[in-house]
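Report on the structure given below.
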Amino acid sequence: MQLTAKIIAQYIGGTVEGDADVSVNNFAKIEEATPGTLTFLANPKYTPHIYTTGASIVLVANDFVAEHPVAATLIRVADPYSALSALMALAAQVLQPSPTGVESACHIADGVEIPDDCYVGAFAYISPGVKLGRNVKIYPQVYVGDGVVIGDDTVLYPGVKVYYGCKIGKRCIIHAGAVIGADGFGFAPDAAGVYHKIPQLGIVEIADDVEIGANTTIDRSTMGRTFIDHGVKLDNLIQIAHNVEVGNDTVMASQVGVAGSAKIGAHCMIGGQVGVAGHLTIGDNVTIGAQSGIPKSVPDGSRLMGYPAVPAGDFARLVALQKKLGNLFSRVDHIEEILKEK
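Written out as C-alpha cells, the structure is:
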C-alpha cells in the first residue's frame, strides 16, 4: 500500500512540513528506518535519531522544534503515537488475512449456526448451544464449550480454549493459548487436613473491545461471574482468578497475578509481575509499578511501587536511602571503634 504524505496527513488530521508528495509503503523504527518507510517520534530519548533516520516521513508532535536540519518530511500531529496507531490499524485492514468459511476436519455440533462471514479453522471444536455473532474468526485448534456466546467481529487465535457457559463480547481479540473459564482455585480442607474441591459453578464474562494475550488464563467464578469490562487489555501470561472484576480500559502487563474476588477499578495501569491479594479493592485510575505486591485495598488515583507497595515517591526515597546503608554502617563501626578507645 503506497500512500503520500499529503494523503496520510489528511487521514490523521496532521500538517505536512516538507515534500507532501513523498510516498511510503511500510513502517519502521526511527533508528532503523529506510527510504520508503514511515516512522514516528514520541519519546524524547529518541530525538537524536530524527536527524539521521532514513525514513521518508516522520510523525512528530505539533510542538516539536528541530535543532538541526531534518531530511525527512514531517507530519505534525497532536499525538504521534495515537496517529501511528490509526495508520497501522488502516494498514492492518489491508494486510492482515480475513478468512471466511468452514475448513474441513473441524467439528460443529448439530444446531449451531455459523454466519456466512464467519471463519472456523481446521480441528476447531464447536460444542452444542454455541452462539456466534457476525464475522467471528475461530482459528484452528480452538475449543468452544457448551453454550458459549461470542459477539460480532471477535477473533479467537489458534489453541484458545473457552469453557462452557462463558460469554465474550464484540470486537474482542483472544490470542493463542489463552484459557477462558477454567475452574477457579477453590478447595476446602476437612478436619483431617484433606482438601476437597469446591465446584466452580459460575462463568467468565468478557465485555466488548477486550484484548487478551497469549497463554493468559481467566478462571470461572465459584458462583456468579468473573468479569472483564469493556476496553481492558491484558498482556501475555496473566492469571485472573475466580470472581475477579476488572474495570473498563484497565491495562495489565505480563505475568500479573490477581487473586480471587479482587476488584480492580477502571483506567488502571498495572506493571509486569504485580501480585494482587484476594478480596481487596483497587480504585479507579491507579498506577502500579512492576513487581509490586498489593496486600490491601488501594484508593482512587494512587501511584504505587514496591513489595509491599507504597506510594511511588516514598519508594524512590527508600531506594535512595538503601544505597547509603553501606556507608552508614561503616560510619557506625568507625564511631564504635572510637568509643572503645576512650
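When you line the sequence shown up against the numbering used here, it's residues 1 to 342, in that order.
Idealized CB from N, CA, C, for every residue including glycine.
Leaving out five residues before and five after residue i in sequence, what residues of the same chain have Cβ atoms less than 8 Å from its Cβ?
i	result
residue 164	127, 145, 146, 147, 148, 181
residue 100	116, 117, 118, 119
residue 47	41
residue 319	none
residue 109	126, 127, 128, 129, 130
Among the options, which residue has its Cα nearest to the Cα of residue i?
i	options	result
residue 2	95, 319, 40, 169	95
residue 33	52, 15, 21, 17	52
residue 206	221, 196, 193, 199	221
residue 298	284, 158, 86	284
residue 267	278, 275, 287, 281	287
residue 259	331, 186, 336, 167	186
residue 22	281, 5, 30	5
residue 119	112, 136, 129	136
residue 316	326, 328, 327, 303	303
residue 202	196, 162, 131, 243	243
residue 240	231, 27, 262	262
residue 104	121, 231, 318, 270	121
residue 44	250, 27, 64	64
residue 78	138, 102, 12	12
residue 133	123, 140, 155, 124	155
residue 85	123, 102, 40, 67	40
residue 18	42, 46, 74, 67	74
residue 370	124, 265, 271, 276	Since the displayed the chain opens at 1 and closes at 342, residue 370 lies outside it and no answer follows.
With DSSP as the reference, label residue i as helix, strand or coil.
i	result
residue 333	helix
residue 223	coil
residue 32	coil
residue 170	coil
residue 23	strand
residue 50	helix
residue 103	coil
residue 211	strand
residue 108	strand
residue 113	coil
residue 95	helix
residue 17	strand
residue 338	helix
residue 1	coil
residue 237	coil
How would you write the range of the beta strand (DSSP E) that residue i sits in, first residue to last?
i	result
residue 60	57-61
residue 197	195-197
residue 74	73-77
residue 244	From DSSP, residue 244 is part of no beta strand (DSSP E); its letter is neither H nor E.
residue 204	203-206
Hey, could you find the ends of the alpha helix (DSSP H) residue i is sitting in?
i	result
residue 41	No alpha helix (DSSP H) holds residue 41; DSSP gives it neither H nor E.
residue 130	Taken as a continuous stretch (DSSP letters only), residue 130 belongs to no alpha helix (DSSP H), as it is neither H nor E.
residue 12	5-12
Among the residues of its own chain, which have a CB less than 6 Å from the CB of residue i, if the five just before and after it don't count?
i	result
residue 237	215, 254, 255
residue 227	205, 245
residue 234	212, 213, 216, 252
residue 305	289, 292, 312, 315
residue 160	142, 174, 178
residue 15	76
residue 67	none
Can you find the residues in the same chain that come closer than 7 Å, C-beta to C-beta, to residue i, ignoring five residues on each side of it along the sequence?
i	result
residue 70	50, 51
residue 24	3, 36, 37, 38, 56, 57
residue 296	280
Going by the C-beta, is residue i closer than 7 Å to any heavy atom of the ligand FMN?
i	result
residue 180	As presented, the structure is devoid of all ligands, the ligand FMN included, so that no description of it is given.
Inside the segment 256-333 only - alpha helix (DSSP H) runs reaching at least 4 residues: 312-322
In chain order, each beta strand (DSSP E) run of at least 3 residues that lies wholly inside the segment 138-194: 179-182, 187-189
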